[in-house]
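Trainee: Quick one: the structure is below, and I'll ask about it shortly.
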Amino acid sequence: MTSGLAWGWLAHLRAGGVTPWLAWSGDGEPAGRLPGAQQLELVRRLNALGPADADLVERVIAAGGPGRGQQDLGLIGADDGQAFGAAPVDPALMPAEELVRLASGVLADLVVDRPGSAPADARPKLLRHRYLLRGDPWLTRSARTQLRARGLPPGGPRARGLVVVSRLDDYCADLWSALSANASVPRWSTWLQRLDERLPPRVDPVVQAAALAERAGVRDVRICIGLDAVAELLDVPLTPPVRLSHAAVEGLRHVRGVLRVTVGEPGTRALVHSTLVPWLGAGDDVDLPRPATPRMQLPWLRAEANRWQAGLAGYAVRGGSLEELAPADPLRTTAPTDDEILHVMLRTLRWAAKEGPQ
Amino acid sequence: MSSKVLLHVGTPKTGTSYLQDALFLNRKLLRAHGILYPADRFDGHFLGALDLMRLPWGGLETEAVGAWDRLAEQVRGWSGTAIISHEILAHASAPQIERALASLGDAEMHVIVSARDLVRQIPAEWQENVKHRRVISYGNFLEAIRDPARATETGSWFWAVQELPDILARWGGTLPASQVHVITVPKPGSPRTLLWERFTETFGLGGLRLDLQDERSNPSLGVPETALMRRINRAVNDVLPPADYRPLVRELLAHQTLSRRTTSPRLAVPADVHAWASELAGSWVTALRERGYAVTGDLDELLPDATVATFVDPDNPKEALVNNAALDAIKALLLENARLRHDEERLHQEVRDRDDALRRAYLRPSYRLREKAVARLEGGRLINAYRRARGRSSRSA
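First to last, the protein sequences are chains Y and G. Per this note's numbering, residue 4 is the first one in the first sequence, and the count goes up by one each step. Per this note's numbering, residue 13 is the first one in the second sequence, and the count goes up by one each step.
Below, the structure is given as structure tokens:
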């Protein structure tokens, strides 16, 4: 028989308790199948940020960890009568990676069950600025969505070509974040290494500006440093999108993997943009760093910034100076720890359960 | 609703591919005898398992969306016996198993596990790892599976799909022991048909004239061949997408080429691992016997032979043997490349022939006449009436 102690702990956690397993005393009544140590510890970690939403707690308790990982583990000191299976554990020492796996499944289910909706496109205004947007994919995607919702779709005769750029390290982080939202891509450091010291032409602002300048029907080309410059040129307010921390993008990559096998690739892409990214933005911790450039990659990024300056010098620049595009020296260059990723996942789960669409 | 569901959940490397092929090939005959094998492709239940466990599998997982629910719906809609079979179902966790069993309705549920002795399963599992792009050495693999914490991906996967008492408790914990079945794989040297006879007995296929000719086997590799595969993985993992790896490396090289080299040393376990695995297998057999499951075969067949087979370390293989295997691999790739070149040339020729035929058609006087007529009509409204009369909407040929 499973120890009454474990059932007592489950009841304690359901009531918002945060006492670690090894400090727990108090029996409870068995009812059904006792969740694994992963599920119980994840509930405790959620409660540690303040009593968790009851529906969220039940979702975690019933959840099976997606993908590869450990089977549901027993609690050390609880006699569950199982002589086989993995050794029971102290859940407080559970590797964060296992909890991230479980949290990813719960968050993916929440995303599927409570999808947000992207702002609807408004009827195009007759009198409007005509434009084409290129450059930083994280910023331009957000700008296009906002502009369409205001009846300002891109394109049209005598459009102005706007190339949005950011500081080079931010630009690369934005590019990787955007790719991570749209597809399965390698980890940040591997991806950066595989760029082989050159951005792909489709996101290279120098190439894009030149292509726009040669395109028939384009009136002129402007280089916009940040979205404020775009807003000013198009005479419309634009809210800059939240840029996710490195830990949040890692969380996105985990959840995205679960969504792919839950709803398929096209559904995943839609849910990531309409729901997951805004949720992670709300649950992210501003104290966590963005993807930072490893020091060994800085030389080519600096060279690239010089190339941008030279290549974009012939165009009118708005929102700052091309000299500002040189990458900054990163304060920290290590990848986020599993604990940091878990921290963001916990905050996001809590936010989604409380504030997300019901 | 099915009256009975036979749920075959493992274990890998116990003749499961052979069984699944036989069930798939004979599904119409089985259906006529009241047995449903609900699959429209040979790996239909594999996709169901991926979906149930939300398991990424080199991109195949996107084909699996909703596969388990579709499978369960077919089972619920059948009035006789239904069979579900895939060995990776052994990996399912307790919540996933709850969902699976609940989805299959109120039929009489039978859980079936086919099992082979652990000493043969250990190298077979490592080889499967290597055939699925992994680069882990045999030494590290053995270390990972002997770690009691099972904290690595290798260790957790191995035990999830191989630890018989745990798999049977997870899947069969809510069923009477009489509805939990163990089929043991006969010892080497037994009649070749014996395992199939045990499958037919347990699955109730006795007396049916099944077509067993087309076999999708999962052949094993020797020591130098597996070592070579591991080196190939190291070289190509970063550059060869899974969709190309599967046909070129796993199928062409491993299954069709390297597995034919049957004279090279076979994979085995070192003496200390043999002793440890034998002790563990003994405890499993005791537990299974105590639980009183329905056994087809003999639980003693799960006890490894006392004789320790010669161990040849695949982490330090004889380079001459690996080189020979590599030559066979190069030869196979060259032949395949030549075949593809011939195919390409044939297709080019077909395109050229069709171009010529089209050009000749354009030169016919009747075509040129029609072309002139259309050109004349193009300026006026008559062209639309002409096109309606011809019954097509395209603007030109």
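Using N, Cα and C, we set each Cβ at its ideal position, and we do this for glycine too. Bear in mind the structure is a predicted one, so any value in this text is a computation, not a measurement.
1) Counting only Cβ pairs nearer than 9 Å, list the residues of chain G close to G108/Y.
2) Mind listing the chain G neighbours of A66/Y? Cutoff is C-beta to C-beta under 7 Å, in chain order.
3) Name the chain Y residues that come within less than 7 Å of W169/G, Cβ to Cβ?
4) Give the DSSP-derived three-state secondary structure of K16/G in the structure shown.
5) With a cut-off of 8 Å, does the C-beta of V21/G fall near any C-beta of chain Y?
6) Consider the Cβ of E410/Y: report whether some Cβ of chain G lies at a distance smaller than 8 Å.
7) What does V264/Y reach in chain G if we use C-beta pairs closer than 8 Å?
8) Please compile the residues from chain G whose C-beta is within a distance smaller than 8 Å of the C-beta of V261/Y.
9) Can you look up V92/Y in the DSSP assignment and give me helix, strand or coil?
10) Quick check on DSSP: helix, strand or coil for M121/G?
11) Leaving aside the five residues before and after K330/G along the sequence, list all residues of the same chain whose C-beta is less than 7 Å from its C-beta, in chain order.
12) Three or more C-beta pairs closer than 8 Å, one from the segment 84-103 of chain G and one from the segment 22-31 of chain G: is that the case here?
13) Let me see if you follow: with CB-CB separation under 8 Å, is M4/Y close to chain G or not?
14) Terminal residues of the continuous alpha helix (DSSP H) containing Y150/G?
15) What separation, rounded to the nearest whole angstrom, lies between the Cα atoms of G218/G and Q108/G?
16) Here's the rule: buried if 16 or more other CB atoms are within 10 angstroms of the residue's CB, otherwise exposed. What is Y305/G?
17) Near L45/Y, which residues of its chain fall below 7 Å by C-beta distance, leaving aside the five closest residues on each side in sequence?
18) Give the interface partners of R162/G over in chain Y, defined as CB-CB distance under 7 Å, in chain order.
19) Kindly indicate the opening and closing residues of the alpha helix (DSSP H) around Y134/Y.
20) Suppose you measure from the CA of P240/Y to the CA of T148/Y; what does that come to, to the nearest Å?
21) For K143/G, is the classification buried or exposed, using 16 other Cβ atoms within 10 angstroms of its Cβ as the cut-off for buried?
22) The alpha helix (DSSP H) that contains R88/G, what's its start and end?
23) For A190/Y, which of helix, strand or coil comes out of DSSP?
24) Since G254/Y meets chain G, which of its residues come closer than 9 Å, beta carbon to beta carbon?
25) DSSP puts L48/G in a beta bridge; with which residues?
26) Does the segment 203-221 of chain Y come within contact of the segment 308-325 of chain Y, defined as at least 3 CB pairs closer than 8 Å?
27) Taking H132/Y as the reference, which of R153/Y, P122/Y, V115/Y has the closest Cα?
28) What's the C-alpha gap between T196/G and D365/G?
29) Taking a Cβ distance cut-off of 8 Å, strictly less, list which residues of the segment 177-195 of chain G are near chain Y, in chain order.
30) Excluding the 5 residues preceding and the 5 following V140/Y in the sequence, name in chain order all residues of the same chain whose CB lies nearer than 7 Å to its CB.
31) Residues of chain G with a CB under 7 Å from the CB of E268/Y: which are they?
32) Just curious, the alpha helix (DSSP H) that T28/G is in, first and last residue?
33) Could you tell me whether the segment 198-207 of chain G touches the segment 323-341 of chain G, using the rule of 3 or more Cβ pairs below 8 Å?
34) Tell me whether S120/Y is buried or exposed, calling it buried when 16 or more other Cβ atoms sit within 10 Å of its Cβ.
35) Within the segment 220-304 of chain G, note down every full alpha helix (DSSP H) run reaching 4 residues or more, in order along the chain.
36) Beta-carbon of A84/G versus every beta-carbon of chain Y: anything under 8 Å?
Mentor: So, to answer that:
1) Position 105 of the first sequence, counting from 1, holds the residue named residue 108/Y. Near G108/Y (Cβ distances below 9 Å), the residues of chain G are R66.
2) The residue you call residue 66/Y lines up with position 63 of the first sequence. Going along chain G in sequence order, the residues near A66/Y (Cβ under 7 Å) are P107.
3) Locating residue 169/G in the second sequence gives position 157, counting from the first residue. The contacting residues are R71.
4) As a first step, residue 16/G must be located in the second sequence, where it is residue number 4. Note: K16/G maps to strand in three-state DSSP.
5) Here residue 21/G refers to the residue found at position 9 of the second sequence. Chain Y contact via Cβ: absent.
6) Residue coverage of chain Y in this structure runs from 4 to 361, which leaves residue 410/Y outside it and unanswerable.
7) In the first sequence, residue 264/Y corresponds to position 261, counting from 1. Per Cβ cutoff of 8 Å: L62, D63, R66, L67, P68, E73, T74, A76, V77.
8) Looking up residue 261/Y in the first sequence gives position 258. Correct list: R66.
9) As a working note, residue 92/Y is residue 89 in the first sequence. In this structure, V92/Y counts as strand in the three-state DSSP scheme.
10) Residue numbering aside, residue 121/G sits at position 109 when the second sequence is read from its first letter. Strand at M121/G.
11) The count along the second sequence starts at 1 and reaches residue 330/G at position 318. Answer for K330/G: P236, listed in chain order.
12) yes
13) Here residue 4/Y is taken as the residue at index 1 of the first sequence, counted from 1. Its pLDDT being 43, under 50, M4/Y is placed unreliably by the model, and the measurement read from it follows with that caveat. No, M4/Y does not count as interfacial toward chain G.
14) For the purposes of this step, residue 150/G is identified with residue 138 of the second sequence, where counting begins at 1. Element bounds for Y150/G: 150-158.
15) Translated into positions along the second sequence, residue 218/G becomes position 206. Translated into positions along the second sequence, residue 108/G becomes position 96. If you take the alpha carbons of G218/G and Q108/G, they lie about 32 Å apart.
16) Here residue 305/G refers to the residue found at position 293 when the second sequence is read from its first residue. Classification of Y305/G: buried, given that the 10 Å Cβ count is 16 or more.
17) Here residue 45/Y refers to the residue found at position 42 when the first sequence is read from its first residue. Taken in chain order, the residues that qualify are V63, L102, L105, A106.
18) Within the second sequence, residue 162/G is the residue found at index 150, counting from 1. By Cβ distance, chain Y contributes Q73, A89.
19) To locate residue 134/Y, count along the first sequence from 1; it is residue 131. No alpha helix (DSSP H) contains Y134/Y, which is instead part of the beta strand (DSSP E) from 134-138.
20) What you label residue 240/Y is simply residue 237 of the first sequence in a count that begins at 1. What you label residue 148/Y is simply residue 145 of the first sequence in a count that begins at 1. Taking the straight line from one Cα to the other gives about 13 Å.
21) Here residue 143/G refers to the residue found at position 131 when the second sequence is read from its first residue. With 16 or more other Cβ atoms within 10 Å, it is buried.
22) Position 76 of the second sequence holds residue 88/G. Its alpha helix (DSSP H) spans residues 79-88.
23) On the first sequence, residue 190/Y is found 187 positions in, with the first residue counted as 1. For the record, residue 190/Y in the displayed sequence is Arg; it is not Ala. Looking at R190/Y - three-state DSSP - the assignment turns out to be coil, as it is neither helix nor strand.
24) Sequence index remark: in the first sequence, residue 254/Y carries index 251 (1-based). Neighbours of G254/Y on chain G: none; closest Cβ ~16 Å, over 9 Å.
25) For the purposes of this step, residue 48/G is taken as the residue at position 36 of the second sequence. Paired residue(s): A94/G.
26) yes
27) Looking up residue 132/Y in the first sequence gives position 129. Comparing Cα-Cα distances from H132/Y to each of R153/Y, P122/Y, V115/Y, the minimum goes to R153/Y.
28) Within the second sequence, the letter at position 184 stands for residue 196/G. Within the second sequence, the letter at position 353 stands for residue 365/G. Cα to Cα, T196/G sits roughly 59 Å from D365/G.
29) P177, D178, A181, R182
30) Mapped onto the first sequence, residue 140/Y falls at position 137. A small fix is needed here, since residue 140/Y is Pro in this sequence, not Val. Only D177, L178, A181, V206 meet the Cβ criterion.
31) Within the first sequence, residue 268/Y is the residue found at index 265, counting from 1. By Cβ distance, chain G contributes T74.
32) Taking the first residue of the second sequence as 1, we reach residue 28/G at position 16. 28-37 is the span of the alpha helix (DSSP H), which, as asked, contains T28/G.
33) no
34) Working through the first sequence from its first residue, we reach residue 120/Y at position 117. Classification of S120/Y: exposed, given that the 10 Å Cβ count is below 16.
35) 235-248, 254-257, 283-303
36) Against the second sequence, residue 84/G aligns to sequence position 72. Not one chain Y Cβ lies under 8 Å of A84/G.
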